[in-house]
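Letter by letter, the sequence shown follows residues 12 to 381 in this note's numbering.
Glycine is no exception: its CB is placed at the ideal position from the N, C-alpha and C atoms.
Remember, predicted model here, so these are calculated numbers, not experimental data.
Data block below; observations after.
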Amino acid sequence: MGVYILKRILLMIPTLLGIMLMTFAVIQFVPGGPVEQVIAKMQGTGTDSLSRVSGESGNEAGIQDRTTAGGGDATTFKYRGAQGLDPEFIKSLEKQFGFDKPVHERFLLMIGNYLTFDFGESYFRDRSVVSLMIEKMPVSISLGLWLTLIQYLVSIPLGIRKAVHDGSTFDVWTSGVIIVGYAIPSFIFAIMLIVVFAGGSYFSWFPLRGLTSDNFESLSLAGKAADYAWHMALPLLAMGIGGFATMTLLTKNSFLDEIRKQYVMTARAKGLSERQVLYGHVFRNAMLLVIAGFPGAFLGAFFTGSLLIETVFSLDGLGYLTYKAALDRDYPIVFANLYVFTLVGLVVGLISDLMYTWIDPRIDFERRDV
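Written out as structure tokens, the structure is:
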């Protein structure tokens, strides 16, 4: 197993570098970079997202002060906007954002810093990227943990019952429901929930955005828990609509595969009750795939589904932060999140394999090609 772990770790290095290199190369051809964003903002044609960012850091002058740190006058530049740009001012902007260096040098410098998790400063928020990510992370972790917990609590019992009653009316109609749920994109379902239940057109049973109410701090402990659950209901439902189907069908198929094996027939022949056979023999073997997939399920809930759902419900987590940073061309935040997400995904993949071998020692990855 030690050799397998070493191979996987060594394989992570080129994988991570390749993903970062491809993304970095694509970014070089994307129009409207940070320099152009600042110029557009100072000329009054910037995006709404960048305008909001300037409000977060103080005011418009805050952006101008940072971008003119290398020289030049923001007022003079704004006046010359229709007559042509001052080349010295443009050079100062490029130096401010690090674009005065060759492309390969910028990439190597970025990777060198990322090895020590030094993600630098945000272009437009006047804060370190690490501090921004730490501030937003609790929201995304909260969504991921609760979604994974609810999926397991609902999908496993449902999958077991579907396996036991395979082919029954209950099995057929529940399969139809979860397949339809799986086919609906989560962000479309989120919008539908808002329209129907969050004051869009019909009912106002749930809040439209955020994780807590304005009076959250003044509530009792029970009131805070209820308020938090009230705000989490729609986002979790929207994020989990597809995950429930995957987990339920995986559980059902795992149990069906085990129920048809010879040892189950032997256990029944010995006079054991159906419950003893199911939970004393089948459950342990059938749950191998489900339990070993827990790290991957949490990762999917934490990262994959958070971007669109956090954006739709205005939840201030990592997904929403990355979305705004991409609009603003705030590349340090975008690359830092990509680096962390990719690294965590690779590590979680290794952990999942190790869980397989821990749960079932018969599995030996060293006999397989990595």
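- C-alpha of Phe198 to C-alpha of Gly221: approximately 16 Å in a straight line.
- For Glu132, DSSP records a beta bridge to Ser139.
- Counting only runs of at least 4 residues, the region 145-210 fully encloses the following alpha helix (DSSP H) elements, listed from N- to C-terminal order: 180-194 and 197-208.
- Judged by pairs of C-beta atoms under 8 Å, the region 262-270 does not touch the region 232-242, as fewer than three such pairs exist.
- Between Leu17 and Trp216, the alpha-carbon positions lie close to 52 Å from each other.
- Under the three-state reduction of DSSP, Ser215 is assigned to strand.
- By the Cβ rule, the region 183-201 counts as touching the region 248-264, because three or more pairs are nearer than 8 Å.
- Distance from the CA atom of Trp184 to the CA atom of Gly178, rounded to whole angstroms, is 10 Å.
- Taking the CA atoms as reference points, Phe352 sits about 32 Å from Asn296.
- The region 143-150 and the region 354-372 do not touch, with fewer than three beta-carbon pairs separated by less than 8 Å.
- Between Tyr367 and Met258, the C-beta spacing is not below 9 Å.
- The residues Phe227, in chain order, have a CB closer than 7 Å to that of Lys235 in the same chain once the five nearest residues on each side in sequence are set aside.
- For Ser265, the uninterrupted alpha helix (DSSP H) segment begins and ends at Leu232 to Ile270.
- Ile189 sits away from Pro246, with the two beta carbons spaced by 9 Å or more.
- Taken through DSSP and simplified to helix, strand or coil, Leu32 comes out as helix.
- Note that the C-beta distance between Leu361 and Arg19 is below 9 Å.
- Put simply, the backbone Cα of Leu283 is about 52 Å away from that of Ile24.
- With respect to the 9 Å criterion, Ala249 and Leu204 are classified as neighbours on the basis of their beta carbons.
- The straight-line gap separating the alpha-carbon atoms of Thr322 and Val207 is approximately 18 Å.
- Taking a 10 Å sphere around the C-beta of Asp225, we find fewer than 16 other C-beta atoms and assign the residue as exposed.
- Rounded to whole angstroms, the Cβ separation of Asp364 and Phe135 is 40 Å, and the two are not in contact under 8 Å.
- Following the DSSP letters along the chain, one finds Met121 inside the alpha helix (DSSP H) bounded by residues Val114 to Tyr125.
- By the criterion of a C-beta distance shorter than 7 Å, Leu219 is surrounded in its chain by Ile205, Ala209 and Gly210, once the five residues flanking it on both sides are discounted.
- Assignment of Thr223 by DSSP, reduced to helix, strand and coil, places it in the coil class.
- Taking 9 Å as the cut-off, the beta carbon of Ser153 is found no closer than this to the beta carbon of Leu143.
- Where Arg295 is concerned, the enclosing alpha helix (DSSP H) starts and stops at Phe294 to Ala297.
- Distance between Ser229 and Thr223, taken at the CA atoms: about 12 Å.
- DSSP places Phe352 in the helix class (H, G or I) of the three-state scheme.
- Rounded to whole angstroms, the gap between the alpha carbons of Leu169 and Lys272 is 21 Å.
- Pro343 sits buried, since 16 or more C-beta atoms from the chains shown fall within 10 Å of its C-beta.
- Counting only residues of its own chain and dropping the five nearest sequence neighbours on each side, Phe128 has a CB closer than 8 Å to the CB of Val141.
- When only Cα atoms are considered, Arg172 and Val165 end up about 11 Å apart.
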